[in-house]
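Below: one structure, written as structure tokens.
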Amino acid sequence: MELLFDPQVWIGLLTLTVLEIVLGIDNVIFISILASRLPVATQSKARRIGLGLAMIMRVLLLLSLTWIMGLTRPLFSVLNIDVTGRALILIGGGLFLLTKSTREIHDRLEGEDKHGVIGAAPSLASVLLQIMLLDIVFSLDSVITAVGMVNQIGIMIAAVVIAVAVMMVFAGAISRFIEQHPTIKMLALSFLLLIGMNLIAEGAGFHIPKGYTYFAMGFSVFVEMLNLRVKRKSAPVKLHHPQLSNL
Numbered sequence: 000m001e002l003l004f005d006p007q008v009w010i011g012l013l014t015l016t017v018l019e020i021v022l023g024i025d026n027v028i029f030i031s032i033l034a035s036r037l038p039v040a041t042q043s044k045a046r047r048i049g050l051g052l053a054m055i056m057r058v059l060l061l062l063s064l065t066w067i068m069g070l071t072r073p074l075f076s077v078l079n080i081d082v083t084g085r086a087l088i089l090i091g092g093g094l095f096l097l098t099k100s101t102r103e104i105h106d107r108l109e110g111e112d113k114h115g116v117i118g119a120a121p122s123l124a125s126v127l128l129q130i131m132l133l134d135i136v137f138s139l140d141s142v143i144t145a146v147g148m149v150n151q152i153g154i155m156i157a158a159v160v161i162a163v164a165v166m167m168v169f170a171g172a173i174s175r176f177i178e179q180h181p182t183i184k185m186l187a188l189s190f191l192l193l194i195g196m197n198l199i200a201e202g203a204g205f206h207i208p209k210g211y212t213y214f215a216m217g218f219s220v221f222v223e224m225l226n227l228r229v230k231r232k233s234a235p236v237k238l239h240h241p242q243l244s245n246l
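Numbering-wise, the sequence shown is residues 0 to 246 according to numbering that gives the first Met the number 0.
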């Protein structure tokens, strides 16, 4: 009960919740783009389940802090560079994100439009599997940030639950906005490329302050908002709606 009346606890909870939301933006973008490949009636369900899986993943990782901290211990060395479990996960996730985003951009711009083809829609299970793979990487980054900020496991879990609840509320609006504006969708995919490269760099031992990445993303969105306002009467470019790959 003493924790409930400690202002430092509330400040820590608020700060960590905001950081969890910021760190979860890339996850929401990825989930929204993958869910857009599903039938319209299933997209909302996929987003909710995807974010729910992200929350469960983060809570489980928080409850396994000993294992998490073990991931930062060197497993072996390559060219005098220590390789850890965390580095392998980040590099693997970054490569997956680069591959997936590049193929998505290609399919949207150069691929054949299969919208309306019977049997072309991917299954919910295949989309959720891909979401889970990236949830592991995004959750790992989020949990390490939480561990570095506060000491109470209860505060960490509360911040994660609140952050995911907020993302669930706004995920639908974000997804609709991305889907209605093709240039925003391409920009979002380029963000995923940037994040994938950051993950690989982080795994290789090159720390890139997240402030630089988020400033670049925020500035790009600001410029695109100006473009949309100037050209709001113009018809948007139509992107292809190809079948989801099995990757």
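Built from N, CA and C at the ideal position, the CB exists for glycine as well. What you are looking at is a predicted structure, and each value in this text was computed from that prediction instead of being measured.
Measuring alpha carbon to alpha carbon, tell me which of the options ends up nearest residue i.
i      : options                        : result
Leu47  : Ala200, Leu127, Asp106, Phe176 : The residue asked about is misnamed: residue 47 is Arg in this sequence, not Leu. The shortest Cα separation from Arg47 among Ala200, Leu127, Asp106, Phe176 belongs to Leu127.
Leu62  : His180, Asp25, Val163, Val159  : Val159
Ile183 : Leu123, Asn226, Ile20          : Asn226
Ser122 : Leu37, Lys230, Ile104          : Leu37
Ile28  : Phe75, Val222, Phe190          : Phe190
Val163 : Ile152, Gln151, Asp134, Glu178 : Asp134
Leu139 : Phe75, Thr98, Gly93            : Gly93
Arg57  : Phe218, Ala157, Pro73, Val17   : Ala157
Met155 : Ile55, Ser43, Leu50, Leu33     : Ile55
Gly153 : Leu59, Ile104, Val220          : Leu59
Ser31  : Glu223, Ala124, Gly171, Gly204 : Gly171
Phe221 : Leu186, Gly49, Asn197          : Leu186
Leu18  : Ala215, Ala124, Lys209, Leu193 : Lys209
Gly204 : Phe218, Leu87, Asn26           : Leu87
Leu192 : Ala40, Arg102, Phe176, Val142  : Arg102
Val21  : Ser125, Phe169, Asp106, Leu108 : Phe169
Ile207 : Tyr213, Phe214, Gly23, Asn197  : Asn197
Arg85  : Phe176, Val142, Phe214         : Val142
Gly23  : Leu108, Ser43, Val39, Val165   : Val165
Phe176 : Glu109, Met224, Ala215         : Met224
Using three-state DSSP, classify residue i as helix, strand or coil.
i      : result
Ile30  : helix
Ile24  : helix
Phe190 : helix
Phe169 : helix
Ser35  : coil
Val116 : Confidence is the limiting factor: at Val116 the pLDDT is only 46, short of 50, which leaves the residue's position unreliable and the question unanswerable from this model.
Lys230 : coil
Glu201 : helix
Ile104 : helix
Ile207 : coil
Gln151 : coil
Ser138 : helix
Ser174 : helix
Glu223 : helix
Glu109 : coil
Ser125 : helix
Is it buried or exposed, residue i, if we count other Cβ atoms within 10 angstroms and call 16 or more buried?
i      : result
Ile10  : exposed
Val229 : exposed
Leu12  : buried
Gln151 : exposed
Ile199 : buried
Thr98  : exposed
Asp81  : exposed
Leu188 : buried
Gly217 : exposed
Gly118 : Summary for Gly118: the model assigns pLDDT 46, below 50, so the residue's position carries little reliability, and this model does not support an answer.
Gln258 : Beyond the ends of the chain as shown, which are 0 and 246, falls residue 258; an answer cannot be given.
Ala124 : exposed
Gly115 : Low confidence applies to Gly115: its pLDDT is 47, below 50, so where it sits in the model is not reliable enough to give any reading.
Ala45  : buried
List the whole-angstrom C-beta distance separating residue i from residue j, where the pair is believed to meet the contact cut-off of C-beta under 8 Å.
i      : j      : result
Ser100 : Gly202 : With 8 Å as the limit, Ser100 and Gly202 do not qualify as a contact, their Cβ atoms being about 17 Å apart.
Val136 : Leu89  : 6 Å
Met131 : Leu52  : 6 Å
Thr83  : Leu70  : 6 Å
Leu33  : Gln129 : 6 Å
Ser174 : Ser76  : Wrong, their Cβ atoms sit about 43 Å apart, outside the cutoff.
Thr14  : Ile161 : Not quite, the Cβ-Cβ distance comes to about 12 Å (not below 8 Å), so this is no contact.
Alpha helix (DSSP H) runs wholly inside the segment 44-75, at least 4 long, in chain order: 64-69
Every unbroken beta strand (DSSP E) inside the segment 71-100 [3 residues or more]: 73-77, 80-83
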